[in-house]
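Participant:
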Amino acid sequence: MGTAERAERRTGKQRLVSLLSAALLTFGTSVAFFTGTTSAAADPIEGCTATTGAIVAVDFGPFGGKVERGCDTTPTTGYELLRTGGFTTEGTQHDGPAFICRIGSGSFNSGTQYPTADKENCVLTPQATAYWSYWTASPGQKTWTYSSLGAMARIPKAGDVDAWVFGSTDIGGTSGKPTFSPDDVRAAGSTPDPDPTGPPPVPPGTVDVSAATRWLSGKLTDGGVVDEGSTTPNYLLTTEAVYALAGADPKSAAARKAAAFLATPAHTDAYAYPAGKAGIPDATAAARLALVAEATGKDPRAFGGHDLLGDLVTYVCPRDIGDGETIDGCLTKGDFRTTGQSDAQAMAVIALLNGGVTPPADAVKRLTALQCEDGGFTSILIRSGGWCDSDANATALIALALKRAGGHDAVVEKARAHLRKSQLPTGAWPAAAYMTTGNAASTGWASQAMRALGDTPYADAGLFWLSKQQLPGGAFGFEEGLTEPQLYPTAPAVVAAAKSDLVKLTTKKVDPPTPPTTPSPPTTPSPPTTPPGDGPDLKKGAAYLTDTARLVRGRYYENSPGSGFADYGLTIDGAYALAATGENDSALRNIVDFLDKGGKDGKGRGVHDWTLIGTKHAGGGSLGKTALLAEAVGRDPRAFGGQDLVAALAKAVCPAPSTAPDRSCAAKGAYTNAPSVFSQSLAVIAQVRAGESAAAADPIAYLESLQEPSGAWPSLIGTPSGAEVDSTAMAAMALDLLPDAKAQAAVDKALAWLAAQQKDDGGFPGASGNSVNSAALAVQGMTLDAPKYRTQIAKARKFLATQQNDDGGFDVAKGGQPGSDVRASTQAVGGATGISFATLTRSLAGTVPQPVPTGTTDAPVIVTPGGETASAGGGSGSGGALASTGTQVAGIAAAAAALVFGGWGTTRVARRRRHHETTTGGRK
102 MGTAERAERR
112 TGKQRLVSLL
122 SAALLTFGTS
132 VAFFTGTTSA
142 AADPIEGCTA
152 TTGAIVAVDF
162 GPFGGKVERG
172 CDTTPTTGYE
182 LLRTGGFTTE
192 GTQHDGPAFI
202 CRIGSGSFNS
212 GTQYPTADKE
222 NCVLTPQATA
232 YWSYWTASPG
242 QKTWTYSSLG
252 AMARIPKAGD
262 VDAWVFGSTD
272 IGGTSGKPTF
282 SPDDVRAAGS
292 TPDPDPTGPP
302 PVPPGTVDVS
312 AATRWLSGKL
322 TDGGVVDEGS
332 TTPNYLLTTE
342 AVYALAGADP
352 KSAAARKAAA
362 FLATPAHTDA
372 YAYPAGKAGI
382 PDATAAARLA
392 LVAEATGKDP
402 RAFGGHDLLG
412 DLVTYVCPRD
422 IGDGETIDGC
432 LTKGDFRTTG
442 QSDAQAMAVI
452 ALLNGGVTPP
462 ADAVKRLTAL
472 QCEDGGFTSI
482 LIRSGGWCDS
492 DANATALIAL
502 ALKRAGGHDA
512 VVEKARAHLR
522 KSQLPTGAWP
532 AAAYMTTGNA
542 ASTGWASQAM
552 RALGDTPYAD
562 AGLFWLSKQQ
572 LPGGAFGFEE
582 GLTEPQLYPT
592 APAVVAAAKS
602 DLVKLTTKKV
612 DPPTPPTTPS
622 PPTTPSPPTT
632 PPGDGPDLKK
642 GAAYLTDTAR
652 LVRGRYYENS
662 PGSGFADYGL
672 TIDGAYALAA
682 TGENDSALRN
692 IVDFLDKGGK
702 DGKGRGVHDW
712 TLIGTKHAGG
722 GSLGKTALLA
732 EAVGRDPRAF
742 GGQDLVAALA
752 KAVCPAPSTA
762 PDRSCAAKGA
772 YTNAPSVFSQ
782 SLAVIAQVRA
792 GESAAAADPI
802 AYLESLQEPS
812 GAWPSLIGTP
822 SGAEVDSTAM
832 AAMALDLLPD
842 AKAQAAVDKA
852 LAWLAAQQKD
862 DGGFPGASGN
872 SVNSAALAVQ
882 GMTLDAPKYR
892 TQIAKARKFL
902 ATQQNDDGGF
912 DVAKGGQPGS
922 DVRASTQAVG
932 GATGISFATL
942 TRSLAGTVPQ
952 PVPTGTTDAP
962 VIVTPGGETA
972 SAGGGSGSGG
982 ALASTGTQVA
992 GIAAAAAALV
1002 FGGWGTTRVA
1012 RRRRHHETTT
1022 GGRK
């Protein structure tokens, strides 16, 4: 699913947020709060404390009102908190009640809901500049966090406060925060003291370092780490193994062998100099290799035939991207070019200092600018004023770097206080401050930093937790309670257990340079027929998606359990996933027949009550998404559900931008009511697959025009937004259908950008954090050139496997609210196959419809294989009745953002030069 569909999860679909304007929202010292009368349904504000219930605040400032509060002592979801807190809501005709379009309060203007109908008709998803956005804060949290979950999905905890603000923001919630603080709306005396009284009172614990290093050594093949199922080294994990082994034993033979492997010119070039010796080095790789050299007594100025330290200094960004001509790989002044991540910036500074080179002052200063209000550091190289979300790993590593650099005592002390406060009672550190479970990598890094900063009791408490998480073989899992051993979290845990840290283990004398060994001729792996690496259990994932506890009568997903309101977009996403895997063709057939033959949900709505075909509200993304499903399973998109979707798409192409107040057309070549790149791409794919390339000429040209110089695409159309993994992957899949050189060059550039966004754990950044959705889409995108991105694909699939739960479903994001999410699961299951949405094909030959189960309180219209309707009560008829399918539009960006599923080894329509093997689809 794309940004648009992710948006559904924010307000009921993540709506971009912000206060409309300072003129409308004069807060700060002038903010007025309602604290008196509450709705009869609401609990007294005093009933909600730091340990009981949750508070919700709604800002009616843009409409001449105040900030109204409500309390629910036993909230079940954010949506129920809003309603039982004394507020009324209204959804959209297109998306149902889950998307909050209007909010009212009996305490303001006689309960009038805002925005009023003359300002917003609430038929489609509201525009990005005027909608209700959803923010949250945990006990003790001083700033608001843009919710990565919709109100119906988020489960408030005791002491939480929620806020709803009307206005606009960008996709990540980097602007438009509430102008009041969480403490402003908490009940009096309910704010806990955020400063801990000391380290967690836990007993001593000992990590078995010897067992861990044996496990790490066993992961090395001829000196390097090679992922299972791969033929090429995983250089990043090899560097991590070196740090751990050298931290545990400075004379480790295994560490030195791995370092010699990395110092082989062929491997150094492949990892740190992919653009060739004349090109810009990969600064992250160069910094990591320099630290490897320093940890094992080698010379970072003569490593693999390169002066790693000299190259790092040479390629420091001289200016901000807004000051003059854009510089590839630069965001702002002081960045090491091509890094993008805070950890790489910090590692480069440490490598230079420990190698005897004074780092550029701007590069060190850049680290200080990444500190968030709470004292932690963000994991991404943001610009000044950007959204700052503290990350334990980044905070620990940057604190180590700044302590080593000296002269930044105040910044380091603030980071130290943040690490103290964010340590859990168990002794662990979570990956992010708002999480409640420990993370082995984060605990390892934080323990290293706390010991180096003199907070030994806190570091020892971290070791106690690690000792309880160590697996029988000596390794650690990614998250608390996970039992699959992983190298990435094991490495920092071992360094911490050895009571060392990255600065300490790399502060060594440099031995004379060792002549490089003669490299073996590189081998070129043949294109795989299945995705590389260990991925999630797709059979189990498909079973989760088809369980009737979620897929109502085996036909559709609801926008909220028991609502009877079908989420048609989500249902089609589920169908894409089943088509990609081939795990349950019968269930897929039932969904398709339901959509195609007039099935109705519990509210009497069919799929075209969602596409709104034939009305002025018809959305190009919804039309394209539905047409694409028809094309993928061999149905006629010109007669699907009784409508000609192909003709409707042609009619939906905008001849010119619309003028206010009409906001249906963003530009010439855009599709009506499709405000996201995801929707644009989806509709382009549907038209091209239908043989309508000529009719899609303007939409294709418009899509191409939206690509940024970096190779990425933004999330939204017609509204400023940042580059996004989901949209970039989707646009690449759309343009990959085209044979012309311009389109193919755009795809190549997009894939390079995608690969560069991958996190160390294999995940990818998205609006919800380290996003399952984004990782799955990235797999599909990179699979367009699988031989080149084989290693990255394998890492991403492993990441997806770590986010799969026992029930077969997937979390929304690593470190987020635990528990399987249907939308994330549809994307993960289909995306893990690597099958491009543009080439997805699944034959339904040999399948037959199944009878609809009886016994529901709703009585949706059902259909028989012949297309005749029958009452829901009997469940009889020729071949059995079919229930309905539904989908709910996702988020602000997209009234029709769609899941992308496309092909690992599927038919290459235009990219035959990528040498993919041709197959007929996903696994059986």
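Each residue of the sequence shown is one higher than the one before, counting from 102 in my numbering.
The C-beta atom is built at its ideal place from N, Cα and C for all residues, glycine as well.
Check each candidate in 257, 278, 258, 260 and name the one with the smallest Cα separation from residue 1027.
Facilitator: Only positions 102 to 1025 of the chain appear in the structure, and residue 1027 is not among them; the question remains open.
Participant: How should residue 593 be labelled, buried or exposed, when 16 other C-beta atoms within 10 angstroms of its C-beta is the threshold for buried?
Facilitator: buried
Participant: From residue 766 to residue 675, what does the alpha carbon distance come to, in whole angstroms?
Facilitator: 29 Å
Participant: In angstroms, rounded to a whole number, what distance separates the CA positions of residue 338 and residue 481?
Facilitator: 20 Å
Participant: Thinking C-alpha only, which one of 240, 281, 286 is nearest residue 172?
Facilitator: Taking only the C-alpha atoms, the option nearest residue 172 is 286.
Participant: By the 10 Å Cβ neighbour count, where 16 or more other Cβ atoms means buried, how is residue 949 classified, buried or exposed?
Facilitator: exposed
Participant: Kindly confirm or deny that the stretch 245 to 265 and the stretch 215 to 226 touch, where touching means at least three C-beta pairs closer than 8 Å.
Facilitator: Touching, no, given that fewer than three Cβ pairs across the two stretches are closer than 8 Å.
Participant: Are at least three pairs of beta-carbons, each pair with one atom in the stretch 841 to 850 and one in the stretch 499 to 511, less than 8 Å apart?
Facilitator: Verdict: no, contact absent.
Participant: State the DSSP-derived secondary structure class of residue 181, mapped to helix, strand or coil.
Facilitator: helix
Participant: Cα separation between residue 670 and residue 554?
Facilitator: Residue 670 and residue 554 have their C-alpha atoms some 51 Å from each other.
Participant: Measuring straight from C-alpha to C-alpha, what distance separates residue 598 and residue 503?
Facilitator: 22 Å
Participant: Taking the beta carbon of residue 825 as the centre, do at least 16 other beta carbons fall within 10 Å, making it buried, or is it exposed?
Facilitator: buried
Participant: Buried or exposed: which applies to residue 1026, given that a residue is buried once 16 or more other Cβ atoms fall within 10 Å of its Cβ?
Facilitator: Residue 1026 lies beyond the residue range present for the chain, which begins at 102 and ends at 1025; the question has no answer from this structure.
Participant: If we count Cβ pairs, one from each stretch, closer than 8 Å, do we get three or more for the stretch 307 to 325 versus the stretch 566 to 580?
Facilitator: yes
Participant: Among 387, 406, 393, 705, which has the Cα closest to the Cα of residue 440?
Facilitator: 387
Participant: Between the Cα of residue 586 and the Cα atoms of 563, 635, 604, which residue gives the shortest distance?
Facilitator: 635
Participant: Taking the alpha-carbon of residue 262 as reference, which of 323, 180, 226 has the nearest alpha-carbon?
Facilitator: 180
Participant: Which of helix, strand or coil does DSSP assign to residue 1062?
Facilitator: Nothing can be reported for residue 1062: it is not among the residues displayed for the chain, which extend from 102 to 1025.
Participant: With a CB to CB cut of under 8 Å and the five nearest residues on each side skipped, what residues in its chain are close to residue 536?
Facilitator: Counting only Cβ-Cβ distances below 8 Å, and skipping sequence neighbours, we find 916, 917.
Participant: In whole angstroms, give me the CA-to-CA distance for residue 459 and residue 805.
Facilitator: 43 Å
Participant: Tell me whether residue 523 sits in a helix, a strand or coil according to DSSP, three-state version.
Facilitator: helix
Participant: My guess is that residue 516 and residue 496 are in contact by the Cβ rule of under 8 Å, so how many angstroms apart are they, rounded?
Facilitator: 5 Å
Participant: Any contact of the stretch 860 to 877 with the stretch 799 to 815, i.e. 3+ C-beta pairs under 8 Å?
Facilitator: Short answer: they don't touch.
Participant: Under the DSSP definition of a beta bridge, which residues are partnered with residue 871?
Facilitator: 866, 915
Participant: Is it right to say residue 491 is buried, meaning 16 or more other beta carbons lie within 10 angstroms of its own, or is it exposed?
Facilitator: Looking at its Cβ environment, which holds 16 or more other Cβ atoms inside 10 Å, residue 491 is buried.
Participant: Kindly indicate which three-state DSSP category residue 478 falls into: helix, strand or coil?
Facilitator: strand
Participant: Taking the straight line between their C-alpha atoms, what separation do you get for residue 880 and residue 781?
Facilitator: 20 Å
Participant: For a test of the three-state rule: what should DSSP assign to residue 247, helix, strand or coil?
Facilitator: strand
Participant: Please determine, among 157, 464, 799, the residue with the shortest C-alpha to C-alpha distance to residue 284.
Facilitator: The residue with the shortest Cα to Cα distance from residue 284 is 157.
Participant: My output table needs one value for residue 653: the three-state DSSP class, helix, strand or coil.
Facilitator: In the structure shown, residue 653 adopts extended strand secondary structure according to DSSP, grouped into three states.
Participant: Determine the burial state of residue 944: buried for a count of at least 16 other Cβ atoms within 10 Å of its Cβ, exposed for fewer.
Facilitator: exposed
Participant: Applying the criterion that 16 or more other CB atoms from any shown protein chain within 10 Å of the CB defines a buried residue, is residue 484 buried or exposed?
Facilitator: So residue 484 counts as exposed.
Participant: Can you tell me which of the three DSSP states residue 817 falls into?
Facilitator: DSSP places residue 817 in the strand class (E or B) of the three-state scheme.
Participant: Quick check: what's the CA-CA separation for residue 224 versus residue 718?
Facilitator: 8 Å
Participant: According to DSSP, is residue 849 part of a helix, a strand, or is it coil?
Facilitator: Residue state, collapsed to three classes: helix.
Participant: Considering residue 204, what are the terminal residues of the beta strand (DSSP E) in which it resides?
Facilitator: 203 to 206
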